[in-house]
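Peer 1: In the working numbering, the protein residues as written are 56 to 405.
C-beta: ideal position from N, C-alpha, C; glycine also.
Since this is a predicted model, take the numbers as computed values, not measurements.
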């Protein structure tokens, strides 16, 4: 039984060796054909590289300030609570590294970035109009009702066609052009944008970072701004009450000058007390109002920019030599594999 097993193993090994020899002979026999066709496909690769438009890469890196806590806002919240106004806690987790990448490529941020103006080829216009122009979308729109479609920065002027086109631009950019990445074991986030237009890639990525920071600032300062508005309103209200109390107190003093009555003295004490209380309240509110203004003005930004794109940008294009080698090797492997499979099938059929 053991001898039979060894004999079968020898046969299998012999078959494998014969197959390899057969494949080698086949490839050697077809070597001129394989080499010639590989060279032809290599030349096709050169032509492809020559006519393929250059793609520019823009990168921007920033770090999220995770240490920014609600200390300043907490102080304001404590002050406001003295007057019955409760801010609640801050949502510091909203802008964590795990979801900041989704916010960057969100429809709101991308579309607002596209509605920012920039200079490309000496012409100042909105980025969305530049995007339409250098991609030659208007050539495809000829004869349609959107042939002369033009964007302005006022979204109130948008029609259904405007919303559709900017929505299409958003999907194209987020799927093919804009990407984000988080570096391992760090808070550094990289935004990348590729485009056939060098200026657009740079302007778009800078606009994204700016809109992200604006969005964060609005969100992060919303509660403290509400506090500031509340304290401003309260200060005006208390000041009006104080003026009225002072006027009543002065009028009472004038009308009762030289009159000494216990009842009148009691009323005077009450009016004087109202003035003193309102004076103290107004002073505290003004003090808290100034502190809240200072805290609001000193809110730290979310983004600390590390690197910004500078011209000229990195060009992502396959060189003619690399294209020749890549296309040649790729064809050589595919064609050789096809010949081998074809021979194996023919041998099995026969």
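What's the call for residue 289, buried or exposed, on a 16-neighbour Cβ count within 10 Å?
Peer 2: The residue in question, residue 289, is buried, as its Cβ has 16 or more Cβ neighbours within 10 Å.
Peer 1: Where do the N-terminal and C-terminal ends of the beta strand (DSSP E) with residue 358 fall, by residue?
Peer 2: Where residue 358 is concerned, the enclosing beta strand (DSSP E) stretches over 358-362.
Peer 1: Which full runs of the alpha helix (DSSP H) of 4+ residues lie inside the segment 183-261, going along the chain?
Peer 2: Listed in chain order, they are 192-196, 215-227.
Peer 1: Report the rounded CA-to-CA distance for residue 234 versus residue 225, giving the unit in angstroms.
Peer 2: Taking the straight line joining both Cα atoms gives about 12 Å.
Peer 1: Would DSSP call residue 368 helix, strand or coil?
Peer 2: DSSP places residue 368 in coil when its eight states are reduced to three.
Peer 1: Starting from the Cα of residue 329, find the closest Cα among 341, 343, 297 and give me that residue.
Peer 2: Closest by alpha carbon: 297.
Peer 1: Suppose the cutoff is 6 Å on Cβ atoms and the five residues either side in sequence are ignored; what does the same chain contact list for residue 116 look like?
Peer 2: Taken in chain order, the residues that qualify are 243, 245, 361, 362.
Peer 1: Between the C-alpha atoms of residue 113 and residue 365, what's the straight-line distance to the nearest angstrom?
Peer 2: One C-alpha to the other measures close to 8 Å.
Peer 1: DSSP puts residue 118 in a beta bridge; with which residues?
Peer 2: Answer is 243, 359.
Peer 1: Around the Cβ of residue 338, are there at least 16 other Cβ atoms within 10 angstroms (buried) or fewer (exposed)?
Peer 2: Exposed, since its Cβ has fewer than 16 Cβ neighbours within 10 Å.
Peer 1: Which same chain residues, not among the five before or five after residue 97, have their C-beta less than 6 Å away from its C-beta?
Peer 2: Hits under 6 Å: 379, 382, 383.
Peer 1: With a threshold of 8 Å, are at least 3 pairs of Cβ atoms found where one atom belongs to the segment 71-91 and the other to the segment 366-377?
Peer 2: No: the two stretches stay apart, fewer than three of their Cβ pairs being nearer than 8 Å.
Peer 1: How many Å lie between residue 162 and residue 194 at the Cα?
Peer 2: The alpha-carbon atoms of residue 162 and residue 194 are separated by roughly 26 Å.
Peer 1: Are residue 333 and residue 303 close, meaning C-beta to C-beta below 8 Å?
Peer 2: Their beta carbons are not under 8 Å apart, which means residue 333 does not touch residue 303 by this criterion.
Peer 1: With DSSP as the reference, label residue 176 as helix, strand or coil.
Peer 2: If DSSP states are grouped into helix, strand and coil, residue 176 belongs with coil.
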